[in-house]
Amino acid sequence: MDGNHRRKLILSYAPDWIVTIVLGACFVALNNSSGFKREFSFSDTSLYHPYAEHERIPPFALYIIAGASPFLLQAMINYLTVRSWWDLHNSTLGLVLSLALSGVITQFVKVTVGRPRPDVISRCMPPPGSVDPHWGLSNYTICTQTDDYILKDGWRSFPSGHSSMSFSGLGFLTFYLAGKLHLFDHRGHAPKAWAALTPLSAAALVAISRTMDYRHHATDILAGSLLGIATAYFSYRQYFPSLSSRLSHRPYSPRIKRELLPVHAQSVPLAAGEEESEETDGELEHETIPRDEHGHVLWKDDGDRERRENMGLSAADNC
């Protein structure tokens, strides 16, 4: 594929990249907003857990686990298997879209729901002997915490951001692996299943660590994990076919019109009843396909030639 053609392909996906960038900007804006702070009760013992200053998986480590690691592994798998630039582009775009969607939805729900974290009392630092009003509940105004971020973050429990981000990034990697390995080809492959599910195990460990740090309730983690895996599958299917497809190892064809593709990348007529393969990136091999004087394909390879001769097919049967 020449540089000019590659630029045309990239430009055809510019809207997708713009959307992901806008989603990323929305994520940052929502993260910096104060958000809603729901009332709480001093009689709720689930809110009295200690505040862990050092998290087992801090945000920086989360970005490496959920973003950088899947990208590097997908690039490595691409190099070891198809070595397709188009596959690398689609897998990267799908991964970024999955993370962006998950991040924005998670932050939007966090700042609007305003659920207290299990360590909110420790963050709040209320005056000794504080109790709820006789008729009602307590709110954040009773807190003496001077660090605005620690206090603000105490009301962002639902859903778990670590869980949603880890499952969106590593979940996308799982679907990518399942497609490359043809996991759902109705033949049964236990080793392939274990290989494809390994990233989800890592995502589960990240989610569990949030209960160990007393950052989230169990329902927060469950909701975040489901959200992450949902955005991962949604994003994967934007650029890759169904996992049960015989072409699950290939991304969808480029969006630019066929006539703009090189001649060797254009589709050829097939025999009746034969499914058409999806070109992935315009980087098909420069092989000579025999045609008749009308441009009809005689055969694609020796096996196809023998099959057509046995069936008595001619070039006209391709139409």
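Position one of the sequence shown corresponds to residue 1 (full-length UniProt numbering), numbered consecutively onward.
For every residue, glycine included, the Cβ atom is placed at its ideal position computed from N, Cα and C.
None of the values given here were measured: they were computed from a predicted structure.
Roughly how many angstroms lie between the CA atoms of residue i and residue j, to the nearest whole one?
| i | j | result |
| --- | --- | --- |
| L62 | P199 | 14 Å |
| I208 | I221 | 8 Å |
| G114 | K8 | 45 Å |
| A202 | A196 | 12 Å |
| S46 | R117 | 9 Å |
| M76 | R83 | 9 Å |
| D87 | P254 | 10 Å |
| E274 | G94 | Bear in mind that a pLDDT of 44 at E274, under 50, signals an unreliable position, so the number given afterwards is only what the model happens to contain. Their Cα atoms are separated by approximately 30 Å. |
| W85 | A218 | 41 Å |
| F240 | N90 | 8 Å |
| S277 | Q238 | Legend: pLDDT at S277 = 43, less than 50; position of this residue unreliable, value from coordinates given subsequently. Their Cα atoms are separated by approximately 18 Å. |
| I65 | D153 | 22 Å |
| E285 | I150 | Here E285 scores only 39 on pLDDT, less than 50, and its place in the model should not be relied on; the value that follows carries that caveat. Looking at the two C-alpha atoms, the distance is approximately 57 Å. |
| S242 | C124 | 48 Å |
Given a cut-off of 8 Å on the beta-carbon distance, is the pair residue i and residue j in contact?
| i | j | result |
| --- | --- | --- |
| P70 | T106 | no |
| V111 | L30 | yes |
| W155 | R38 | yes |
| P126 | T141 | no |
| S244 | F175 | no |
| F172 | Y252 | no |
| V104 | F36 | no |
So, for residue i: in the same chain, excluding its five sequence neighbours on each side, which residues have a beta-carbon less than 8 Å away from its beta-carbon?
| i | result |
| --- | --- |
| F234 | S98 and L101 |
| R215 | A52, E55, R117, P118, D119, S157, S160 and H162 |
By alpha-carbon positions, which one of the options ends up nearest to residue i?
| i | options | result |
| --- | --- | --- |
| L161 | A25, K8, H54 and L227 | Reading the sequence as shown, one finds Gly at residue 161 and not Leu. Nearest C-alpha to G161: L227. |
| L177 | Q74, H49 and F60 | Q74 |
| D132 | A29, G188, E53 and F42 | F42 |
| S166 | I10, P58, S46 and N32 | P58 |
| L72 | T92, F60 and W194 | T92 |
| G67 | I256, Q238 and A232 | A232 |
| D213 | P191, P50, G179 and C26 | P50 |
| R187 | R246, G24 and S138 | R246 |
| K180 | V104, N78, D148 and F40 | N78 |
Sorted by chain position, which residues of the same chain lie with C-beta nearer than 6 Å to residue i's C-beta, five sequence neighbours on each side aside?
| i | result |
| --- | --- |
| S164 | S102, T106, G224, L227 and G228 |
| I121 | L47 and Y48 |
| N139 | E39 |
Which residue or residues does DSSP assign as beta-bridge partners of residue i?
| i | result |
| --- | --- |
| S138 | F40 |
Short of 7 Å in beta carbon distance, which residues of its chain neighbour residue i, apart from the five on each side in sequence? Order them along the chain.
| i | result |
| --- | --- |
| A193 | L183 |
| I10 | none |
| V109 | F158 and P159 |
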